[in-house]
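Asker: Take a look at this one; I'll ask things after.
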Amino acid sequence: MAQAPETRLGAARRRASLAKLTLAGGAILAFGASAALARVAYPGHVKKASKSLQPPPRFMQIVRRNQLEAGMLAPTQVSPETASAPS
Amino acid sequence: MRPHLTFRAMGCEVVVAGASGEEAARIRELFEERDAVFSRFRPESELERVNSAGRSTLVSPLFAQAVENALWASEVSDGLVDPTLGAAIEAAGYDRDFAALEPDARPAAAPVPARPGAVSLFGRVLVLRSGVQLDLNGVVKAAAVDDAVALLGGPGFVSAGGDLATRGDVDVALPGGGAVRLRAGGLATSGRTRRRWLRDGEEQHHLLDPATGRPARGPWDEVTVCGSTCLAADVAAKAAFLLGGDGPAWLDERGLPGRFASTDGSVHENRAWRASLVAKEPACT
Numbered sequence: 001m002a003q004a005p006e007t008r009l010g011a012a013r014r015r016a017s018l019a020k021l022t023l024a025g026g027a028i029l030a031f032g033a034s035a036a037l038a039r040v041a042y043p044g045h046v047k048k049a050s051k052s053l054q055p056p057p058r059f060m061q062i063v064r065r066n067q068l069e070a071g072m073l074a075p076t077q078v079s080p081e082t083a084s085a086p087s
Numbered sequence: 001m002r003p004h005l006t007f008r009a010m011g012c013e014v015v016v017a018g019a020s021g022e023e024a025a026r027i028r029e030l031f032e033e034r035d036a037v038f039s040r041f042r043p044e045s046e047l048e049r050v051n052s053a054g055r056s057t058l059v060s061p062l063f064a065q066a067v068e069n070a071l072w073a074s075e076v077s078d079g080l081v082d083p084t085l086g087a088a089i090e091a092a093g094y095d096r097d098f099a100a101l102e103p104d105a106r107p108a109a110a111p112v113p114a115r116p117g118a119v120s121l122f123g124r125v126l127v128l129r130s131g132v133q134l135d136l137n138g139v140v141k142a143a144a145v146d147d148a149v150a151l152l153g154g155p156g157f158v159s160a161g162g163d164l165a166t167r168g169d170v171d172v173a174l175p176g177g178g179a180v181r182l183r184a185g186g187l188a189t190s191g192r193t194r195r196r197w198l199r200d201g202e203e204q205h206h207l208l209d210p211a212t213g214r215p216a217r218g219p220w221d222e223v224t225v226c227g228s229t230c231l232a233a234d235v236a237a238k239a240a241f242l243l244g245g246d247g248p249a250w251l252d253e254r255g256l257p258g259r260f261a262s263t264d265g266s267v268h269e270n271r272a273w274r275a276s277l278v279a280k281e282p283a284c285t
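Going down the list, the sequences are from chains A and B. Numbered according to the working numbering, the first sequence spans residues 1 to 87. Numbered according to the working numbering, the second sequence spans residues 1 to 285.
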């Protein structure tokens with residue numbers, strides 16, 4: 001059986017649904033692009049892994065070890081005022 | 001210099017020189033506070049509370065600072081000065097105030113080696129592994145001397161049982177004879193000639209080998225070290241004593257002057273000690 005020729009109403013419906021699809025696709029693309037741009041440009045978003053502000057542990061270890069340092073001695077000049085002894 | 005003030009705290013005699021009346025009172029208060037917090041022999045002390053609580057405990061800022069000092073001491077002494085020897089010192093028989101210790105016919109209990117890494121501090125939260133008993137008195141007394149000397153408004157010194165820190169020059173007599181002028185920092189002597197006792201006829205003392213938990217044996221009776229603080233001097237003196245024959249070289253590697261009185265009565269000075277006592281020629285002008 002031969003297909004009936006498209007009526008004017010049918011053609012209008014087809015054009016309308018195509019237009020809706022185009023608009024919906026465009027809106028989705030626009031939303032995605034805006035979201036991506038916002039993520040890149042917004043200053044509150046972390047863009048790379050955060051780093052500790054503490055000095056590196058190896059550096060701290062060296063600093064702590066350097067705290068074991070000498071005082072100042074000199075030859076005695078008067079009779080001792082006190083004594084060092086095991087406690 | 002103002003007259004000396006003498007009092008007893010933390011199981012030893014404290015001597016303060018150069019303090020005003022108010023400074024002397026604050027220094028005395030400081031030592032009494034440390035004694036109350038860190039005594040192993042006062043059931044109400046914070047140390048006893050922490051040791052009996054086990055695992056994790058919220059401690060006072062003062063206690064946290066002492067633990068931090070103890071962990072630092074362990075780190076810089078390569079684990080020789082260890083805060084986890086509380087059970088070991090009790091096993092050796094030092095389980096009451098030293099003045100109350102008497103010769104005991106019973107043998108020392110089984111030794112308890114140190115447990116490196118068994119103490120962690122997160123701010124004021126102290127975490128101990130199960131069964132660990134802290135003994136912080138080694139570092140607490142030296143740190144108290146440093147804190148006390150910081151309270152002096154002018155020249156003077158503070159000595160606790162012979163460990164001292166100074167503000168200005170002070171001439172100090174040394175174990176086994178001789179004297180030295182301490183110009184800055186602290187001077188501490190560690191040894192086995194004073195704090196020792198008998199268990200089953202065997203001599204015990206308070207300087208424990210962390211590997212065995214037993215009193216250390218070695219060639220030295222007393223080791224005196226000069227450090228930038230009394231705490232640094234005390235930690236280095238203990239470590240050098242425990243290292244035995246390697247003590248002088250260990251101190252030299254760190255530039256610390258050390259003087260070793262040996263069991264045969266001779267005195268050995270390391271290179272840094274000898275170098276620091278060479279009289280400096282005045283600079284040309």
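Here a beta-carbon is modelled for each residue, glycine too, at the ideal position from N, C-alpha and C.
(1) Taking K141/B as the query, report the chain A residues whose CB atoms sit under 9 Å from its CB, ordered along the chain.
(2) Hey, quick one: how far does the alpha helix (DSSP H) through A74/A stretch, first residue to last?
(3) Using C-beta distances below 7 Å, list every residue in its chain close to E32/B, excluding the 5 sequence neighbours before and after it, in chain order.
(4) With a threshold of 16 other CB atoms inside 10 Å of the CB of P210/B, please say whether the residue is buried or exposed.
(5) So, E202/B versus P107/B, is the Cβ gap smaller than 9 Å?
(6) Taking only beta-carbon atoms, is L53/A less than 9 Å away from chain B?
(7) Please report the residue range of the beta strand (DSSP E) in which V119/B lies.
(8) Could you tell me whether the Cβ atoms of C226/B and P257/B are closer together than 9 Å?
(9) Among all the DSSP beta bridges, which residues are the ones paired with A224/B?
(10) Give me the residue from A232/B, A24/B and V67/B with the minimum Cα distance to V127/B.
(11) Are the segment 130-143 of chain B and the segment 77-93 of chain B touching by the rule of at least three beta carbon pairs closer than 8 Å?
(12) Does the beta-carbon distance from S60/B to R115/B come in below 9 Å?
(13) Between P155/B and the rest of its own chain, which residues show a CB-CB distance below 6 Å, the 5 nearest in sequence each way excluded?
(14) Note the first and the last residue of the continuous beta strand (DSSP E) segment covering S56/B.
(15) Suppose contacts are defined by Cβ-Cβ distances below 9 Å. Is S87/A in contact with T224/B by that definition?
(16) Is it true that the CB of A143/B sits closer than 9 Å to the CB of C230/B?
(17) Is there a Cβ from chain B that is less than 9 Å from the Cβ of R58/A?
(18) Kindly identify the DSSP beta-bridge partner or partners of R8/B.
(19) Measure the alpha-carbon distance for V278/B versus R49/B and round it to whole angstroms.
(20) Just grab the DSSP bridge partners of S159/B for me.
(21) Going by the beta-carbon positions, is the gap between L5/B and A92/B smaller than 9 Å?
(22) Short of 6 Å in beta carbon distance, which residues of its chain neighbour R181/B, apart from the five on each side in sequence? Order them along the chain.
(23) Is the beta carbon of R192/B less than 9 Å from the beta carbon of D221/B?
(24) Listed in chain order, which residues of the segment 56-78 of chain B have Cβ atoms closer than 7 Å to some Cβ of chain A?
(25) To which residues of the same chain is F98/B closer than 7 Å at the C-beta, ignoring the five residues directly before and after it?
(26) Do you know how far the Cα of V63/A is from the Cα of A33/A?
(27) Just reading off the alpha helix (DSSP H) that L47/B is part of, what are its end residues?
(28) Express the C-alpha separation of R39/A and A237/B in angstroms, rounding to a whole number.
(29) Quick check on P103/B: does DSSP put it in helix, strand or coil?
(30) Could you tell me how far apart the beta carbons of L62/B and V37/B are, in whole angstroms, since I believe they sit closer than 8 Å?
(31) If contact means a Cβ-Cβ distance below 8 Å, which residues of the segment 180-193 of chain B contact chain A?
(32) Any idea if Q61/A is buried or exposed, counting beta-carbon neighbours within 10 angstroms, 16 or more meaning buried?
(33) Taking Cβ-Cβ distances shorter than 9 Å, what residues in chain A pair up with P116/B?
(34) Kindly list the residues whose CB is nearer than 6 Å to the CB of T285/B, restricted to its own chain and excluding five residues on each side of it in sequence; keep chain order.
(35) When you compare only the Cα positions, how much space is there between L47/B and F59/A?
Answerer: On the basis of the data shown:
(1) On the second sequence, residue 141/B is found 141 positions in, with the first residue counted as 1. The contacting residues are S87.
(2) As a first step, residue 74/A is located in the first sequence; it is residue number 74 there, counting from the start. No alpha helix (DSSP H) holds A74/A; the beta strand (DSSP E) holding it covers M72 to A74.
(3) Residue mapping note: residue 32/B aligns to position 32 of the second sequence, counting from 1. For E32/B, same chain residues with a beta-carbon under 7 Å away, outside a window of 5 residues either side, are A9 in chain order.
(4) For this step, residue 210/B is matched to residue 210 along the second sequence. Its Cβ being crowded by 16 or more others within 10 Å, P210/B is buried.
(5) Looking up residue 202/B in the second sequence gives position 202. Looking up residue 107/B in the second sequence gives position 107. Against a cut-off of 9 Å, the Cβ pair of P107/B and E202/B comes out as a contact.
(6) If you number the first sequence from 1, residue 53/A lands on position 53. Chain B places no beta carbon closer than 9 Å to that of L53/A, leaving this residue out of the contacts.
(7) For this step, residue 119/B is matched to residue 119 along the second sequence. Segment V119 to F122, the beta strand (DSSP E) holding V119/B.
(8) Taking the second sequence and counting its residues from 1, the one referred to as residue 226/B is at position 226. Taking the second sequence and counting its residues from 1, the one referred to as residue 257/B is at position 257. For C226/B and P257/B, yes; Cβs fall inside 9 Å.
(9) Indexing the second sequence from 1 puts residue 224/B at position 224. First, the residue type needs correcting, since residue 224/B is Thr and not Ala in the sequence shown. In the DSSP assignment, the residues bridged to T224/B are T189/B and R259/B.
(10) Position 127 of the second sequence, counted from the first residue, corresponds to residue 127/B. Comparing Cα positions, the closest option is V67/B.
(11) Short answer: they touch.
(12) To locate residue 60/B, count along the second sequence from 1; it is residue 60. To locate residue 115/B, count along the second sequence from 1; it is residue 115. Cβ distance not < 9 Å, so S60/B and R115/B don't count as in contact.
(13) As a first step, residue 155/B is located in the second sequence; it is residue number 155 there, counting from the start. Contacts found: G18, R167 and G168.
(14) The sequence position of residue 56/B within the second sequence is 56, counting from 1. Here the beta strand (DSSP E) through S56/B covers S56 to L58.
(15) Position 87 of the first sequence, counted from the start, is the residue given in the question as residue 87/A. Position 224 of the second sequence, counted from the start, is the residue given in the question as residue 224/B. Taking the C-beta atoms as reference points, T224/B is found no nearer than 9 Å to S87/A.
(16) Stepping through the second sequence from its first residue, residue 230/B is reached at position 230. Stepping through the second sequence from its first residue, residue 143/B is reached at position 143. A contact, by the Cβ cut-off of 9 Å.
(17) Reading the first sequence from its first residue, position 58 is the one you call residue 58/A. Not closer than 9 Å to any Cβ of chain B, the Cβ of R58/A fails to qualify, so no.
(18) Looking up residue 8/B in the second sequence gives position 8. In DSSP, R8/B forms a bridge with E13/B.
(19) Residue numbering aside, residue 278/B sits at position 278 when the second sequence is read from its first letter. Residue numbering aside, residue 49/B sits at position 49 when the second sequence is read from its first letter. V278/B and R49/B: Cα-Cα distance of roughly 49 Å.
(20) If you number the second sequence from 1, residue 159/B lands on position 159. Paired residues: V15/B and L164/B.
(21) Here residue 5/B corresponds to residue number 5 of the second sequence, with the count starting at 1. Here residue 92/B corresponds to residue number 92 of the second sequence, with the count starting at 1. Result no, Cβ atoms of L5/B and A92/B do not sit closer than 9 Å.
(22) Numbered from its first residue, the second sequence carries residue 181/B at position 181. The residues are D169 and D171.
(23) By one-based count along the second sequence, residue 192/B stands at place 192. By one-based count along the second sequence, residue 221/B stands at place 221. Yes; because the gap between Cβ atoms is below 9 Å, this pair is in contact.
(24) Taking 7 Å as the Cβ-Cβ cut-off against chain A, the residues of the segment 56-78 of chain B that qualify are W72, E75 and V76.
(25) By one-based count along the second sequence, residue 98/B stands at place 98. Within its own chain, the residues whose Cβ lies closer than 7 Å to the Cβ of F98/B, once the five positions on either side in sequence are excluded, are G11 and R195, listed in chain order.
(26) As a first step, residue 33/A is located in the first sequence; it is residue number 33 there, counting from the start. As a first step, residue 63/A is located in the first sequence; it is residue number 63 there, counting from the start. When only Cα atoms are considered, A33/A and V63/A end up about 50 Å apart.
(27) Position 47 of the second sequence holds residue 47/B. Per DSSP, the unbroken alpha helix (DSSP H) holding L47/B starts and ends at E46 to A53.
(28) Taking the second sequence and counting its residues from 1, one reaches residue 237/B at position 237. Taking the first sequence and counting its residues from 1, one reaches residue 39/A at position 39. Our two residues, A237/B and R39/A, have alpha carbons roughly 60 Å apart in a direct line.
(29) Sequence index remark: in the second sequence, residue 103/B carries index 103 (1-based). The answer is coil: DSSP assigns P103/B none of H, G, I, E or B.
(30) Your numbering for residue 62/B matches position 62 in the second sequence. Your numbering for residue 37/B matches position 37 in the second sequence. Correct: roughly 6 Å between the Cβ atoms.
(31) The residues in question are V180, R181, L182, R183, A184, G185, G186, L187, A188, T189, S190, G191, R192 and T193.
(32) If you number the first sequence from 1, residue 61/A lands on position 61. Exposed, by the Cβ-count rule.
(33) In the second sequence, counting from the first residue as 1, residue 116/B sits at position 116. Within chain A, no residue comes near P116/B; the closest Cβ sits about 16 Å away, beyond 9 Å.
(34) In the second sequence, residue 285/B corresponds to position 285, counting from 1. Low confidence applies to T285/B: its pLDDT is 46, below 50, so where it sits in the model is not reliable, and the reading given next is rough at best. Sequence-distant Cβ neighbours of T285/B in its own chain, meaning closer than 6 Å and more than five residues away, do not exist here.
(35) Mapped onto the second sequence, residue 47/B falls at position 47. Mapped onto the first sequence, residue 59/A falls at position 59. Roughly 32 Å separates the two Cα atoms.
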